[in-house]
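Undergrad:
4 protein chains.
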Amino acid sequence: MRQQRRAQILQASKEVFAEKGYHNASINEIIRRAGIARGTFYLYFTGKQTVFDSILKEAVEELRSRIRRIDTDEGADPPQVQLRGSLIRVVEYILGDPHFARLIVSNRLAPDAETGERAAAFYADVQEMIEHSLERGIEMGMVRDCDTKLIASALLGAVLGIVQHIVIGTENPPTIDAIVDELIAFVLRGVVNF
Amino acid sequence: MRQQRRAQILQASKEVFAEKGYHNASINEIIRRAGIARGTFYLYFTGKQTVFDSILKEAVEELRSRIRRIDTDEGADPPQVQLRGSLIRVVEYILGDPHFARLIVSNRLAPDAETGERAAAFYADVQEMIEHSLERGIEMGMVRDCDTKLIASALLGAVLGIVQHIVIGTENPPTIDAIVDELIAFVLRGVVNF
Amino acid sequence: MRQQRRAQILQASKEVFAEKGYHNASINEIIRRAGIARGTFYLYFTGKQTVFDSILKEAVEELRSRIRRIDTDEGADPPQVQLRGSLIRVVEYILGDPHFARLIVSNRLAPDAETGERAAAFYADVQEMIEHSLERGIEMGMVRDCDTKLIASALLGAVLGIVQHIVIGTENPPTIDAIVDELIAFVLRGVVNF
Amino acid sequence: MRQQRRAQILQASKEVFAEKGYHNASINEIIRRAGIARGTFYLYFTGKQTVFDSILKEAVEELRSRIRRIDTDEGADPPQVQLRGSLIRVVEYILGDPHFARLIVSNRLAPDAETGERAAAFYADVQEMIEHSLERGIEMGMVRDCDTKLIASALLGAVLGIVQHIVIGTENPPTIDAIVDELIAFVLRGVVNF
DNA sequence: AATGAATGAGGGTTCATTCAT
DNA sequence: CATGAATGAACCCTCATTCAT
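Chains as they are written, first to last, in the working numbering: chain A, 176 to 369; chain B, 176 to 369; chain C, 176 to 369; chain D, 176 to 369.
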């Protein structure tokens, strides 16, 4: 029961945050959409900030679970295939929940104290995941030497750019496979023609 | 005189938007910083939204002027050098005006009616510039065949990611040259090690 | 059993009212401290107001029982001694229950509909006791002729003033004996030096 | 203009605080009574707390100005007469503004952080005035030796008790002269019959 | 052209009380 | 008897915008 209500509110919040952005999302709209009374909301969350936090926190966990460390044992799939798998799982999650997809692109770093706290933490978390992957790639000799922090920012930015592109609603949206292929090609080889 | 006042308000607004983000920027703070009276503000702009629009509009124009079409005449610099020039000019502009830099990363597409209108237009404009460049690159055989829209989104995202990384304030911020070098390498060659 | 629960709630309420004052005392805090569920509270009292009423009502009864009519029979203690006894018993009760002491000084007639009803009644009751004592004193020739209502208000006020002084937490709090001595001296002789 | 509005709001607030007590006084009611818009209130005061503070602050100043140090020069009025003068001026002020009179008795020490700040300061100020007077009286040999802090509390309490008695609305309210006479007699000589 | 006092819709939050279980 | 999830009226406060001067 309790978890159900919580999920219901979380879902409604996700939608509203996605549509309106953090600041323009109103508790009013959230409870209207969740079909609950004003007070009920505050029974499950201490405030607007907290719901927002919870959404991102759950997402971080989910994302983390979908990214697998590249396995270098013999008999394991080749690294590219493994990487592709992780990416597909991530992209599937993000685009599979359009509300969440909109949410993460539309609330990127508002530098005010409010949103910043958890949102910044969220992106910092994700960026760290990417950074670690890059570092591991360099160790393994698969990735060229580079300013990992900077490139991680660029990579995260690129992914968000693509997510936003899809989310905004393009005609003929590419399939997830196509997206991941373009993404991998871009990330690995850039745009240059050999 | 009129233009002077306008510029003064625009500058103050830029600062406030950069520091606080669109929503938390208050007219109060803007007029305080511009040293004008409340009513005066509304003599020059119809509202908060409008100032924001104007800032972005001017920025688009400036950016456009800094990007030069690649010249294929003989005697011209090689394409890479020309590209590098454009990128340097762009990055110099963005990072040279820290207020503006913060502003563009911190107000990225809040999809609510308010900010969205012009902010979306701004990013659409920029993205189109990139897209055109990519298309031209493909024609010239320099860029591999790809989904130009998607890759343009990724590219824009990557640049914004980097800007944000710098703006957030990292220790030992790289020089503009270093940034551009990393950016070009990333965009052209990706992260893979050959 | 029923009485036990009731007493338990009453005690918790007394503490909370004392610490927070009537308005800032929350049912939440009361049930938390009483270790009962929300609904249970309303099984024993019809509301916040009612608990408050009950506390004061019980206190009035206790106070009344501690004040003894002055006995004029021969063989009885002299009136001053009897008066001193009553005062000591009263002061002992009030200061002996710090929660109650805080409560009565901190909720003195808030004239809003809520608190007023019973709080006013409480003070009216006490004041009447004093008034009667004064009248009896005048009859007996021990008290000078005066506007008994006015002086009773002053007397009650003086006592509350002292209680508050003690309750606020002064360094070196006087003993109850010392307090009563000062009080009697003040009430009987005023401040003048003969 | 500005001072006028401020005074208007202050007056309305005084009335509401007097009638409802601090906590039950609502900004809603205050602005309704002042005939102004919600926002206007916050143009003149930063909040509920601040208006309350201002009322008490102004009152302390007024009270202080009405209490004159007893002049011991030859040719000056005898001390009792001077004391009477101060008391009359004080009582006139308090009872002359029934809203203020209600306010001070109905907001005595709510121990919560909110009201406490300034209200406590107000009563502390007044009590200090009384204490100083007592000390001076002892030096001059007019007042008997006593615990000045305790007696000051009692005295302040007595005055407030009387104010409350009057304010509550008794039939046949005594004149200010009569009140002051009873007060002086009580304070100076107590209730005992010689 | 400039001012700044006034506005009021709208925001987030609290908490006494009810009622189905 | 006991529970605690649900309610919603009411609260304080902010701020973009207007308009008489």
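C-beta atoms are modelled at their ideal positions from N, C-alpha and C, and glycine is treated no differently.
Pull up the distance between the alpha-carbon of A:T345 and that of B:S328, whole angstroms please.
TA: 12 Å
Undergrad: Which residues of chain A have a Cβ atom closer than 7 Å to the Cβ of B:H198, listed in chain order?
TA: Result: H198.
Undergrad: Among the residues of its own chain, which have a CB less than 6 Å from the CB of D:H274, if the five just before and after it don't count?
TA: Closer than 6 Å at Cβ, skipping near neighbours: K189, E190, A193.
Undergrad: Using a Cβ-Cβ cut-off of 8 Å (strictly less than) and excluding sequence neighbours within five positions of A:V235, which residues of its own chain qualify?
TA: F297, D300, V301
Undergrad: Beta-carbon separation of C:I359 and C:R259 under 9 Å?
TA: In contact: C:I359 and C:R259 (Cβ atoms closer than 9 Å).
Undergrad: With a threshold of 16 other CB atoms inside 10 Å of the CB of C:G250, please say whether the residue is buried or exposed.
TA: Counting every other CB atom within 10 Å of its CB across the protein chains shown gives C:G250 a total below 16, marking it as exposed.
Undergrad: Does the distance from the CB of C:V342 to the CB of C:V280 come in under 9 Å?
TA: yes
Undergrad: What are the residues of the stretch 227 to 250 of chain C that lie near chain D, defined by any Cβ-Cβ distance shorter than 8 Å?
TA: Answer set for the stretch 227 to 250 of chain C: empty.
Undergrad: If I measure Cβ to Cβ from A:A209 and keep anything under 7 Å in the same chain, skipping five residues before and after, which residues do I get?
TA: Q183, I184, A187
Undergrad: Helix, strand or coil for A:V318? Go by DSSP, reduced to three states.
TA: strand
Undergrad: Around the C-beta of A:G332, are 16 or more other C-beta atoms found within 10 angstroms, so that it is buried, or is it exposed?
TA: buried
Undergrad: Just to confirm the assignment, what range does the alpha helix (DSSP H) spanning B:S240 have?
TA: 223 to 241
Undergrad: So D:S328 contacts chain C; which residues on that side make the cut at Cβ distance below 7 Å?
TA: G336, I337, Q339, H340
Undergrad: Could you tell me if C:G312 is buried or exposed, where buried requires 16 or more neighbouring beta carbons within 10 angstroms of its beta carbon?
TA: buried
Undergrad: Do we get a CB-CB distance below 9 Å when we pair A:P286 with the residues of chain B?
TA: For A:P286, the predicted structure reports a pLDDT of 44, less than 50, and the residue's modelled location is therefore unreliable. A value from the coordinates is still provided. So, interface residue.
Undergrad: Chain A partners of B:P349, CB-CB under 8 Å?
TA: D322, L325
Undergrad: Would you please verify whether the beta carbon of D:A212 is less than 9 Å from any beta carbon of chain C?
TA: no
Undergrad: Taking all protein chains shown into account, do 16 or more other C-beta atoms lie within 10 angstroms of the C-beta of D:N199, making it buried, or fewer, making it exposed?
TA: So D:N199 counts as buried.
Undergrad: Please state whether the Cβ-Cβ distance between B:S308 and B:I242 is less than 9 Å.
TA: yes
Undergrad: Would you check if the stretch 349 to 363 of chain A and the stretch 252 to 269 of chain A touch, i.e. whether three or more CB-CB distances between them fall below 8 Å?
TA: yes
Undergrad: Distance check for A:D352 and A:Y268, CA to CA, integer angstroms please.
TA: 13 Å
Undergrad: Thinking C-beta only, is A:A294 closer than 9 Å to A:L335?
TA: no
Undergrad: Suppose you measure from the CA of B:A285 to the CA of B:T225; what does that come to, to the nearest Å?
TA: Note on B:A285: pLDDT 49, under 50, position unreliable in the model; the coordinate value appears next. If I take the Cα positions, the gap works out to 16 Å.
Undergrad: Would you check if the distance between the CB atom of B:L325 and the CB atom of B:I305 is smaller than 9 Å?
TA: no
Undergrad: Looking at D:V318 and C:N368, is the spacing between their C-beta atoms short of 9 Å?
TA: yes
Undergrad: C:I337: which of C:D322, C:E310, C:A276 sits nearest, CA to CA?
TA: Considering only C:D322, C:E310, C:A276, the residue with the shortest C-alpha distance to C:I337 is C:A276.
Undergrad: Determine the chain D residues that contact C:V266 at a beta-carbon separation under 9 Å, and present them in chain order.
TA: Ordered by position in chain D, no residue passes the 9 Å Cβ test against C:V266, which lies about 12 Å from the chain.
Undergrad: Run the CB neighbour count on A:T350, radius 10 Å, all protein chains shown included, and call it buried at 16 or more, exposed below.
TA: exposed
Undergrad: Is the Cβ-Cβ distance between D:R180 and D:T215 less than 9 Å?
TA: yes
Undergrad: How is C:V355 classed by DSSP in three states: helix, strand or coil?
TA: helix
Undergrad: Step through the CB atoms of chain D and report whether any lies within less than 9 Å of the CB of C:T225.
TA: no
Undergrad: If you measure from the beta carbon of A:G222 to each beta carbon in chain B, is any gap under 9 Å?
TA: no
Undergrad: What are the partner residues of C:V367, as DSSP defines its beta bridges?
TA: According to DSSP, C:V367 shares a beta bridge with D:V318.
Undergrad: Determine the burial state of A:I354: buried for a count of at least 16 other Cβ atoms within 10 Å of its Cβ, exposed for fewer.
TA: buried
Undergrad: Roughly how many whole angstroms lie between the Cα atoms of A:M315 and A:T323?
TA: Cα to Cα, A:M315 sits roughly 14 Å from A:T323.
Undergrad: Go to D:R244, then tell me how far its alpha helix (DSSP H) extends in each direction, as first and last residue.
TA: That residue, D:R244, is in no alpha helix (DSSP H); it is neither H nor E in DSSP.
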